[in-house]
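Sequential numbering of the sequence shown, starting at -18, is according to the numbering used here. The beta-carbon is built from N, C-alpha and C at its ideal position, and this holds for glycine as well. Note that this is a predicted model, so its numbers are computed, not measured. Here is the structure we will look at, set down as structure tokens.
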Amino acid sequence: MPGEERPDDPVGVFIAAVRANRPASVLALDFDGTLAEIVEDPAVAVPLPGAVAAVERAASRWGEVAVVSGRPLSFLERYLPAPEVTLVGLYGLEIRRAGSVSEHQDAAAWRAAVGRAVELARESTLERVGIESKGASLTLHYRTARDQALAVEDVARQIAAATGLLVRPAKLSIELHPPTSVDKGTAMADLASRHPGPVGFVGDDLGDLPAFGVLSGLRSTGRITLAAAVIGAETPAGVTAAADTVLDGPAGVLDLLDRLDQ
């Protein structure tokens, strides 16, 4: 028997609404810091044990379940191969839905600029800074070089000026993206438009705020939504302030998925 949910609790309200209309419900989750613990080397990040199975189980019952990440699709598919799970990579520049892959037109148009940005980053004087090329975007990680935060920001601004890319701050990193309107907000809006039921998003970083904003707008129209912030050592205060509820790390996300599965 599903547990009783408090009617005044945002999570309880959302869970009750999902149970009443699961085939029309939508859930989207970030990857790093949400399904996987934050690690010093992003290349070795892996989902928490049980996370993939929980996401796949939800995807088989909900209207749509998606992982929406700044990671490229090639990385996400490595851990989430099941076609039932929608994958949104590079903030929406790449999408896999029902096994079919599509790419935003701006992704191909800006790959050369991103390639040049990678070259400039490698030619810079930055030390102990991870340079992660994602094909259509670039991330400079200073988790292992926190004393270089200001230097990384300065180099990122120089690269942006030289290539036309935009700078986005993230947790102990700086991202350089094509100047498009695509972000997690547009990805969330697209997901919500495909299904009429409750909509939830779970994330932990500044890039998740546009998705939270879309949910706030939907709520003002009467839609039942849930914006859940995942708490970790690096979670920005602005993310928790914008959320309806907070979850204690990826383990808390698994607990929520378990409650939603009942």
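S55, DSSP secondary structure in three states: In the sequence shown, residue 55 corresponds to position 74, counting from 1. Of the three classes helix, strand and coil, the one that applies to S55 here is helix, per DSSP.
Supposed close pair H176, E45 - CB separation, criterion 8 Å: To locate residue 176, count along the sequence shown from 1; it is residue 195. To locate residue 45, count along the sequence shown from 1; it is residue 64. Between E45 and H176 the Cβ distance is about 6 Å, and since that is below 8 Å, they are a contact.
When T202, L228 and A173 are compared against A5, the one with the closest alpha-carbon: Reading the sequence shown from its first residue, position 24 is the one you call residue 5. The candidate whose alpha carbon is nearest that of A5 is A173.
Local Cβ density within 10 Å of L131, reported as buried at 16 or more and exposed below that: Counted from its first residue, the sequence shown places residue 131 at position 150. Burial call: exposed.
For M(-18), the three-state DSSP class (helix, strand or coil): Position 1 of the sequence shown, counted from the start, is the residue given in the question as residue -18. Low confidence applies to M(-18): its pLDDT is 40, below 50, so where it sits in the model is not reliable, and the reading given next is rough at best. Coil, per DSSP.
contact_flag[the segment 204 to 222, the segment 12 to 21] where n(CB pairs < 8 Å) is 3 or more: yes
Beta-ladder partner(s) of V148, from DSSP: Stepping through the sequence shown from its first residue, residue 148 is reached at position 167. The partner list for V148 (beta bridge, DSSP) reads L157.
At least three beta-carbon pairs within less than 8 Å, the segment 138 to 148 to the segment 70 to 88: no
DSSP three-state assignment for I205, whether helix, strand or coil: Counting from 1 along the sequence shown, the entry for residue 205 is found at position 224. Correct three-state label for I205: coil.
Y72 versus V227, A90, P191 and R240, residue with shortest Cα-Cα distance: One-based indexing of the sequence shown puts residue 72 at position 91. The option with the nearest alpha carbon to Y72 is P191.
Whether A9 touches L74 by CB criterion (7 Å): Working through the sequence shown from its first residue, we reach residue 9 at position 28. Working through the sequence shown from its first residue, we reach residue 74 at position 93. Result no, Cβ atoms of A9 and L74 do not sit closer than 7 Å.
DSSP-derived helix/strand/coil call for V(-8): If you number the sequence shown from 1, residue -8 lands on position 11. Helix at V(-8).
Expected contact under 8 Å - CB spacing of D185 and V220 to nearest Å: For the purposes of this step, residue 185 is taken as the residue at position 204 of the sequence shown. For the purposes of this step, residue 220 is taken as the residue at position 239 of the sequence shown. With 8 Å as the limit, D185 and V220 qualify as a contact, their Cβ atoms being about 6 Å apart.
Three-state class that DSSP yields for F193 in the structure shown: Sequence index remark: in the sequence shown, residue 193 carries index 212 (1-based). Here F193 sits in helix by DSSP.
Nearest neighbour of W43, chosen from R138, A26, G31 and V180 [CA to CA]: Against the sequence shown, residue 43 aligns to sequence position 62. Answer by Cα proximity: V180.
Contacting residues, own chain, Cβ-Cβ under 6 Å from A88 (five flanking each side not counted): Taking the first residue of the sequence shown as position 1, residue 88 is located at position 107. Hits under 6 Å: L74 and A117.
Limits of the alpha helix (DSSP H) - the one that R78 falls within: By 1-based counting over the sequence shown, the position of residue 78 is 97. No alpha helix (DSSP H) contains R78, which is instead part of the beta strand (DSSP E) from E75 to R78.
CA-to-CA distance, G188 to D164, given in whole angstroms: By 1-based counting over the sequence shown, the position of residue 164 is 183. By 1-based counting over the sequence shown, the position of residue 188 is 207. For D164 and G188, the distance between alpha carbons rounds to 8 Å.
Residue closest to G230, alpha-carbon to alpha-carbon, out of R124, A32, A(-3) and V66: Here residue 230 is taken as the residue at index 249 of the sequence shown, counted from 1. Per the Cα distances, A32.
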